[in-house]
Amino acid sequence: MHNLRNTSFFAIMIPVTRKNSIVCNMCLFNKEPTLQQKMVRLVAEEFLTDERDRKYYADNYRCCPPPLFILLITIFELGTYLYYYSLTLGSTPAPGDIWASVAAPVPMDSVFIYRPDKRQQLWRFMLYMFLHVGWVHLIFNLTVQLLVGLPLEMVHGSLRIGVVYMAGVLAGSLGTSVFDSNVYLVGASGGVYALLAAHLANVMLNYNNMEFGVFRLLGILFIASVDVGFAVYCRYAFEPSSNAPPVSYVAHIAGALAGLTIGLLVLKNFEQKLHEQLIWWFALGVYAICTLFAVAYNLSHPC
């Protein structure tokens, strides 16, 4: 009789225990995610193409090391602009100088700006990225850096994104020195367009696996086209003044080409196939040939 009672007791308790366990598991499963978890999941959804990679990234991302490259570059660019802007407070543009009112301030005497008559100062090929032509130029670049570059850095790491960004900056100055050699160059557009193009390359290779992949392609192309169109307009619509020589738009295109090539080389490819390996070698060849040609051109045309 005693054994029978024990059997009956366990027969009743086991289903109850299992039910409670299931309820507890459901409570844990339905636990509201934190703001950080929501952000990480959003980044995974937008910048990863495979569902398994998205889940693994969302479950294992710990923000260590933190994505500091884009944040630091953004802070330095904003600080540099504010510094030079403070130096121009109180000054007024010359009568009829429309360009100065639209694009000021442009610190022509800065040691950072790329100038065709000072190409022997090699640091100018990189450090021009800290200067910007007006608030519109600055805000666009900083916004794209934060909205595109920061999530890419969270996924691919600071080193890889730093390589893509700096390759775009260098390509911008080298391309300008060859194809628009009489203009000055400022702004981070080369690096920004390298980030956009690297993301575009990833979307192009994997758009079948991405939700609304075609619309993402069109969106990126639209944003880039509007900004490049505005840069071309500013390049030719206004008469350059002595205080504001013409500023090149070639860096946008050269930076984008660098992003398409370097992005394929250094960004993580979570599902590499044979044809993508061929693209990898093609991208390496294109970037190497273009860079060597630009360097050779500058060496043969020192002034």
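Under the UniProt record's numbering, the first residue of the sequence shown carries the number 1, and numbering increases by one thereafter.
Where is the CB? At the ideal position from N, CA and C, for every residue including glycine.
Query                                                                                                                                                                            : Result
Under a Cβ-count criterion, where at least 16 other Cβ atoms within 10 Å of its own Cβ denotes burial, should Ala288 be classed as buried or exposed?                            : exposed
Taking the C-alpha atoms as reference points, what is the distance between Val23 and Gly134?                                                                                     : Annotation note: pLDDT 42 at Val23 (below 50); position unreliable, coordinate value reported separately. When rounded, the distance between both Cα atoms is 59 Å.
Could you give the DSSP three-state label for Leu267: helix, strand or coil?                                                                                                     : coil
Pull up the distance between the alpha-carbon of Gln120 and that of Leu82, whole angstroms please.                                                                               : 28 Å
On the DSSP bridge list, what partners appear for Leu185?                                                                                                                        : Tyr114
State the CB to CB distance for the pair Thr80 and Phe130, rounded to an integer number of angstroms; the pair is presumed to be in contact (CB under 8 Å).                      : 4 Å
Would you decide whether Thr34 is buried or exposed? Buried here means 16 or more other CB atoms lie within 10 Å of its CB.                                                      : exposed
Which residues mark the beginning and the end of the alpha helix (DSSP H) in which Glu77 is found?                                                                               : 69-88
Could you check if Gly263 is buried or exposed, using at least 16 other CB atoms within 10 Å of its CB as the buried criterion?                                                  : buried
In three-state terms, what does DSSP make of Pro151?                                                                                                                             : helix
Note down the Cα distance separating Leu200 from Pro107, rounded to an integer number of angstroms.                                                                              : 33 Å
I believe Gly168 touches Gly259 by the beta-carbon criterion, under 8 Å. Please report the beta-carbon distance rounded to the nearest angstrom.                                 : 6 Å
Taking the Cβ atom as the reference point for each residue, do Asn141 and Ser189 lie within a distance shorter than 8 Å?                                                         : yes
Between Ser225 and Ala171, what straight-line distance do the alpha-carbon atoms span, to the nearest angstrom?                                                                  : 19 Å
Exposed or buried, which one is Asp180 when buried takes at least 16 other CB atoms within 10 Å?                                                                                 : buried
Hey, would you say Val144 sits closer than 8 Å to Val266, going by beta carbons?                                                                                                 : no
Check whether the Cβ atoms of Gly149 and Leu195 lie closer than 8 Å to each other.                                                                                               : yes
Would Leu174 pass as a contact of Ala254 if the rule is Cβ separation under 8 Å?                                                                                                 : yes
Could you check the C-alpha separation between Met154 and Ala296 for me, to the nearest Å?                                                                                       : 36 Å
How would you call His252, buried or exposed, if buried means at least 16 neighbouring beta carbons within 10 angstroms?                                                         : buried
Label Leu299 either buried or exposed according to how many other C-beta atoms from any shown protein chain fall within 10 Å of its C-beta, with 16 as the threshold for buried. : exposed
In or out: Glu77 buried (at least 16 other Cβ within 10 Å) or exposed?                                                                                                           : buried
Return helix, strand or coil for Ala244, following the three-state DSSP convention.                                                                                              : Caution is warranted here: a pLDDT of 49 is assigned to Ala244, below 50, making its placement in the model unreliable, and the coordinate value is therefore given only provisionally. DSSP places Ala244 in coil when its eight states are reduced to three.
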